[in-house]
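Enquirer: Numbering (numbering that gives the first Met the number 0), first residue to last: 0 to 385.
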Amino acid sequence: MTVVTLAQLRAMGEAIGAAAIGATPADPFPEMQPRLEAYRDRGLTGYEWAETSDRVDPRRWLPSAKSLISVAVAYLTPQAQATARRHPQGGLHGQVSVYSYGIDYHHDLRDRLHTLHGLLEEAVGHPVEAKAAVDTSPLVDRRVAERAGIGWVGKNCMLYVPPYGSFVFLGTLCVDIEIEPAPSEQASHCGTCTRCLEACPTGALLAPGVIDARQCLSYVTQMKGVIPKPYRTKLGRRVWGCDTCQWACPENHGVLYAQDPAYVPQGELAYPELIELLTLSNRAFQRKFGQTAMAWRGVRTLQRNALIALGNCGNPQAVPHILPFLRHEREELRISAAWALSRLQTAEGRAAVAAAYQEERSEAVREEMAWALDGTAAQHEAAKGV
Numbered sequence: 000m001t002v003v004t005l006a007q008l009r010a011m012g013e014a015i016g017a018a019a020i021g022a023t024p025a026d027p028f029p030e031m032q033p034r035l036e037a038y039r040d041r042g043l044t045g046y047e048w049a050e051t052s053d054r055v056d057p058r059r060w061l062p063s064a065k066s067l068i069s070v071a072v073a074y075l076t077p078q079a080q081a082t083a084r085r086h087p088q089g090g091l092h093g094q095v096s097v098y099s100y101g102i103d104y105h106h107d108l109r110d111r112l113h114t115l116h117g118l119l120e121e122a123v124g125h126p127v128e129a130k131a132a133v134d135t136s137p138l139v140d141r142r143v144a145e146r147a148g149i150g151w152v153g154k155n156c157m158l159y160v161p162p163y164g165s166f167v168f169l170g171t172l173c174v175d176i177e178i179e180p181a182p183s184e185q186a187s188h189c190g191t192c193t194r195c196l197e198a199c200p201t202g203a204l205l206a207p208g209v210i211d212a213r214q215c216l217s218y219v220t221q222m223k224g225v226i227p228k229p230y231r232t233k234l235g236r237r238v239w240g241c242d243t244c245q246w247a248c249p250e251n252h253g254v255l256y257a258q259d260p261a262y263v264p265q266g267e268l269a270y271p272e273l274i275e276l277l278t279l280s281n282r283a284f285q286r287k288f289g290q291t292a293m294a295w296r297g298v299r300t301l302q303r304n305a306l307i308a309l310g311n312c313g314n315p316q317a318v319p320h321i322l323p324f325l326r327h328e329r330e331e332l333r334i335s336a337a338w339a340l341s342r343l344q345t346a347e348g349r350a351a352v353a354a355a356y357q358e359e360r361s362e363a364v365r366e367e368m369a370w371a372l373d374g375t376a377a378q379h380e381a382a383k384g385v
């Protein structure tokens, strides 16, 4: 028996500032399992849940589940749109995805879901068992949202919520009460358009609705360890995230803006100064970026990305700031510094890399530094088998 109507749910959604809200029964998603297994078997996944059975059955997450509520919050504010169009002239600036301009959406949206949980309990007059998730449940949030009737998935694998386009954050609340389901799923607006696939810098969009997450530059900026060579130049000045497929999409032109102050750009964080990023301590990094979605990987990941970006900027003024990282304790930072200096090609950088090569013990790092050796030295090292 339905205990909360769709009209009541939508009123609650308005109260928490949702761009859209909908519900669907907590039934399994059997149609998803073959696709998820194919993704897993082809190695196309990034951070996704390994066990596909957990991803298709909500009751493996919450045994008492009866309904899934999908909540979308829009984040493209007028200020964010203006900031995205304004690329700083001169200087050495990185670039950050629009979704990280404001506060960390994980915390903000989770708070809204907790408020929604309280509103549901008030409406039914008794405790409601629930689980809330923002990018943390085994469920496929976009598929839940699609079945809950709040949007459709485009060829770039993003969920589109009219009239906000794909500039939305998604959260899922799984509850043990029945909620009136939303109308049937929305049809895709993509038609024959393939602009997102054509625009993707790495070809990560293998086919309409099929993505190799490991090639997506948004994933690459957040991955651990060394950035693979094929993606370094393609990153350009990106230090966090990538919006290319979203900006290329005609459905994102003329979308309705969010008016939420939480997602107004914070200071100059949209185009951080790359040299400054290299100087930040953990504490300073948390002070500056701790409230944003960039903070979760920590300062070293941003510094690795900043080194790659400096190599792509082509400005030799960056060389003195890169040199200390040739002897950093983190291998991925030494590699990134050596690569950046190989791109900048100054005599100072070459000499520093050659000197660091002689002290380096990691074979992976030595391979990245070998470019700085002259031909004779390189042949001598090869002859020694090092």
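The beta carbon of each residue, even a glycine, is placed where N, CA and C say it ideally should be.
1) So residue 166 packs on residue 254, CB below 8 Å; how close in whole Å?
2) Closest Cβ-Cβ distance between residue 229 and chain D: below 8 Å?
3) Out of curiosity, what's the CA-to-CA distance linking residue 163 and residue 144?
4) Could you name the residues of the same chain whose beta carbon sits closer than 7 Å to that of residue 232, not counting the 5 residues immediately before and after it, in chain order?
5) Is the beta carbon of residue 181 closer than 8 Å to that of residue 149?
6) Closest to residue 110 by CA distance: which of 97, 177, 95 and 130 is it?
7) Here's a check: name, in chain order, each residue in its chain whose Cβ is nearer than 7 Å to the Cβ of residue 142, leaving out the five neighbours to either side.
8) Just the Cα atoms here: how many angstroms apart are residue 263 and residue 51?
9) Roughly how many angstroms separate the alpha carbons of residue 334 and residue 242, rounded to a whole number?
10) Assuming residue 427 and residue 355 form a contact by the criterion Cβ under 8 Å, report the distance between their Cβ atoms to the nearest whole angstrom.
11) According to the Cβ coordinates, are residue 318 and residue 279 closer than 8 Å?
12) When DSSP labels each residue in this structure, what does residue 149 get in the three-state scheme?
13) Give a yes or no on whether the C-beta atoms belonging to residue 202 and residue 221 are separated by under 8 Å.
14) Do you know offhand how far residue 16's Cα is from residue 99's?
15) What are the complete beta strand (DSSP E) segments, minimum 3 residues, inside the stretch 187-246?
16) Between residue 368 and the rest of its own chain, which residues show a CB-CB distance below 7 Å, the 5 nearest in sequence each way excluded?
17) Apply the 10 Å Cβ neighbour rule to residue 151 and answer buried if 16 or more other Cβ atoms are within range, or exposed otherwise.
18) Keeping to the same chain, check which residues put their C-beta closer than 8 Å to that of residue 290; ignore five residues upstream and five downstream.
19) Indicate whether residue 170 and residue 133 have their beta-carbon atoms separated by less than 8 Å.
20) Is residue 114 helix, strand or coil by DSSP?
21) Please return the same chain residues whose Cβ sits closer than 7 Å to the Cβ of residue 57, not counting the five positions on each side in sequence.
22) Find out if the Cβ-Cβ distance for the pair residue 249, residue 194 is shorter than 8 Å.
23) Name the one or two DSSP bridge partners that residue 67 has.
24) Which runs of the alpha helix (DSSP H) fall wholly inside the stretch 260-336 and span at least 4 residues, in chain order?
25) With DSSP run on the structure shown, which of helix, strand or coil describes residue 344?
26) For residue 223, count neighbouring C-beta atoms within 10 Å of its own C-beta (all shown protein chains included) and say buried if the count is 16 or more, exposed if not.
27) Any idea what DSSP makes of residue 106, helix, strand or coil?
28) Confirm, please, whether the CB-CB distance from residue 258 to residue 76 is below 8 Å.
29) Where does residue 94 fall in DSSP's three states?
30) On the CB-based measure, 16 or more other CB atoms within 10 Å of its CB, does residue 106 come out buried or exposed?
31) Under DSSP, the alpha helix (DSSP H) around residue 129 begins and ends at which residues?
32) For residue 238 and residue 9, what's the separation of their Cα atoms in angstroms?
33) Sorted by chain position, which residues of the same chain lie with C-beta nearer than 6 Å to residue 271's C-beta, five sequence neighbours on each side aside?
34) Alpha carbon to alpha carbon, what distance is there between residue 69 and residue 120?
35) Using a 10 Å radius around the Cβ and a threshold of 16 neighbouring Cβ atoms, would you call residue 19 buried or exposed?
36) Assuming residue 164 is part of the alpha helix (DSSP H), what are its boundary residues?
Expert: In short, the structure shows the following:
1) That belief holds up - the Cβ atoms of residue 166 and residue 254 are roughly 7 Å apart, short of 8 Å.
2) The chain inventory of the structure shown lacks chain D, comprising one protein chain alone.
3) Their backbone Cα atoms lie some 14 Å apart in a straight line.
4) Taken in chain order, the residues that qualify are 311.
5) Yes.
6) Of the candidates 97, 177, 95 and 130, the one whose C-alpha sits nearest the C-alpha of residue 110 is 130.
7) Leaving aside the five residues that flank residue 142 on each side, the residues in its chain whose CB is nearer than 7 Å to its CB run, in chain order, 28 and 31.
8) So the alpha carbons of these two residues sit roughly 37 Å apart.
9) Spanning the alpha carbons of residue 334 and residue 242 requires a straight line of approximately 26 Å.
10) No answer is possible for residue 427: it lies beyond the span of the chain, which begins at 0 and ends at 385.
11) Judged by their CB atoms, residue 318 and residue 279 are not nearer to each other than the 8 Å cut-off.
12) Coil, per DSSP.
13) Against a cut-off of 8 Å, the Cβ pair of residue 221 and residue 202 comes out as no contact.
14) In a straight line, the C-alpha of residue 16 is about 19 Å away from that of residue 99.
15) Taking only runs of at least 3 residues, the beta strand (DSSP E) segments lying wholly in the stretch 187-246 are 204-206 and 237-239.
16) These residues qualify, in order along the chain: 337, 352, 355, 356 and 359.
17) Under the 10 Å beta carbon count, residue 151 is surrounded by 16 or more other beta carbons and is classified as buried.
18) Closer than 8 Å at the Cβ level, and outside the excluded window around residue 290, lie 102, 103 and 265.
19) Contact: yes.
20) The three-state reading of DSSP puts residue 114 in helix, counting H, G and I together.
21) Once the five neighbours on either side are set aside, the close Cβ partners of residue 57 are 25, 64, 67, 138 and 173.
22) The answer is yes: Cβ separation under 8 Å.
23) The bridge partners DSSP lists for residue 67 are 23 and 173.
24) Runs of the alpha helix (DSSP H) inside the stretch 260-336: 273-278, 281-288, 298-312 and 318-321.
25) DSSP places residue 344 in coil when its eight states are reduced to three.
26) An exposed status is given to residue 223, since fewer than 16 other beta-carbon atoms sit within 10 Å of its beta-carbon.
27) Three-state DSSP puts residue 106 in a helix.
28) Closer than 8 Å, so yes.
29) The three-state reading of DSSP puts residue 94 in strand, counting E and B together.
30) With fewer than 16 other Cβ atoms inside 10 Å of its own Cβ, residue 106 counts as exposed.
31) Segment 129-132 is the beta strand (DSSP E) holding residue 129; no alpha helix (DSSP H) there.
32) Distance between the alpha carbons of residue 238 and residue 9 is about 37 Å.
33) Excluding sequence neighbours, residue 271 sits near 93.
34) Straight-line Cα distance between these residues: approximately 17 Å.
35) With a 10 Å radius around the Cβ and a threshold of 16 neighbouring Cβ atoms, residue 19 comes out buried.
36) For residue 164, there is no enclosing alpha helix (DSSP H), as DSSP marks it with neither H nor E.
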